[in-house]
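Protein chains: 2
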Amino acid sequence: MAKHTSEDFQDYYPDDVAHCYGCGRLNEQGHQLKSHWEGEETVARFTPKPYHTAVPGYVYGGLIASLIDCHGTGTASAVAARAEDWQPDVEPAPPGEIPRYVTASLQVDYLRPTPLGPELEIRGVIREATDRKVVVAATVSAEGETTARGTVVAVRMPEGMIRP
Amino acid sequence: MAKHTSEDFQDYYPDDVAHCYGCGRLNEQGHQLKSHWEGEETVARFTPKPYHTAVPGYVYGGLIASLIDCHGTGTASAVAARAEDWQPDVEPAPPGEIPRYVTASLQVDYLRPTPLGPELEIRGVIREATDRKVVVAATVSAEGETTARGTVVAVRMPEGMIRP
């Protein structure tokens, strides 16, 4: 972990909520998705494994949904951190830990088959942001072509979800 | 594989499209989800692995989306098989291979955290069925409590998706 020097939002999740299979830096079996700001958009890049297949040659839809989901909650955390005290123009990474969000709803449109092999790019745009809720529109693209788009409604993680 | 005696839809996917990470019987690394009829509903059961975590104690949302997705496309295949020549009252399993569907869109509402540990039950109800498209409403429950619900719009797999 490169905390305090990383640009990746997920590196700032508190240790007790950094185990998500999709994006937790402490989940050794998981995808460890990493998201960062590029201007006003957020970006993650991920290369699926050969076995993440739908039918031979294409990425399975569940992985695409997972990438959109975790990039959405990561983006929500970054938005909240920025709103609180983080100035991305001054320091690229947020100071210390950032608030954790969970998914209230997820919607994905599969526009065309996603080729298995190339690195995928997941881009997020913030559609709505309040203290409690952040709505992120996301696209997934391969070799410059958008193959899926989706929307994540992320809400601040309830305190009761964190087990002592 | 228990083809011709199995009740599970995914056992009847043609060999060249049975590699899905979520539900392909030929994907050794995958989830190998299995779905079957119970009356007019379809049912799958799946026990997540300990590392399929969101935050400690709960199932990560990407897996729940995957289960709904694959159960939805499996249900679509079974609906199509039934419409063509399969009489579920006479023989529990469809004869030979069944048509394969892919996901056009997926929507999931996460109603409450899904506990990690218990077997999950995914139930599907057919909302709409034409030759080309099947819409399936699904729920995910743990220990009798529904934790997520979703909708899958599945369309007949384009022939061009199958690589020779």
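Residue numbers (this note's numbering), protein chains in the order written: chain B, 448 to 611; chain Z, 448 to 611.
Cβ coordinates follow ideal geometry from the N, Cα and C atoms, glycine included.
In this structure, T522/B and Q554/B do not form a Cβ contact; the two beta carbons are roughly 15 Å apart against a cut-off of 8 Å. Distance between T586/B and Y557/B, taken at the CA atoms: about 10 Å. The alpha-carbon of V572/B is positioned some 10 Å away from that of G486/B.
Look at the segment 470-486 of chain Z: the residues with a C-beta under 7 Å from a C-beta of chain B are N474, Q476, G477. Inclusion of P560/B and V549/Z in the CB contact set at 9 Å is warranted, their separation being smaller than that value.
A Cβ of chain Z is located within less than 9 Å of the beta carbon of L514/B.
For L563/Z, there are no C-beta contacts with chain B under 8 Å, since the nearest C-beta of that chain is about 10 Å from it. In the DSSP assignment, the residues bridged to Y557/Z are A595/Z. Neighbours of D458/B in chain Z, taken as residues whose beta carbon is under 7 Å from its own, are absent, since the nearest beta carbon is some 16 Å off. Within chain Z, the residues whose beta carbon sits less than 8 Å from that of S552/B are Q554, V555, D556, Y557, listed in sequence order. For Q476/Z against Y498/B, the beta-carbon gap comes to about 4 Å, under 8 Å, which counts as contact.
Under the Cβ criterion of 9 Å, G571/B is not counted among the residues facing chain Z.
DSSP lists F493/Z, A589/Z as the beta-bridge partner residues of L567/Z.
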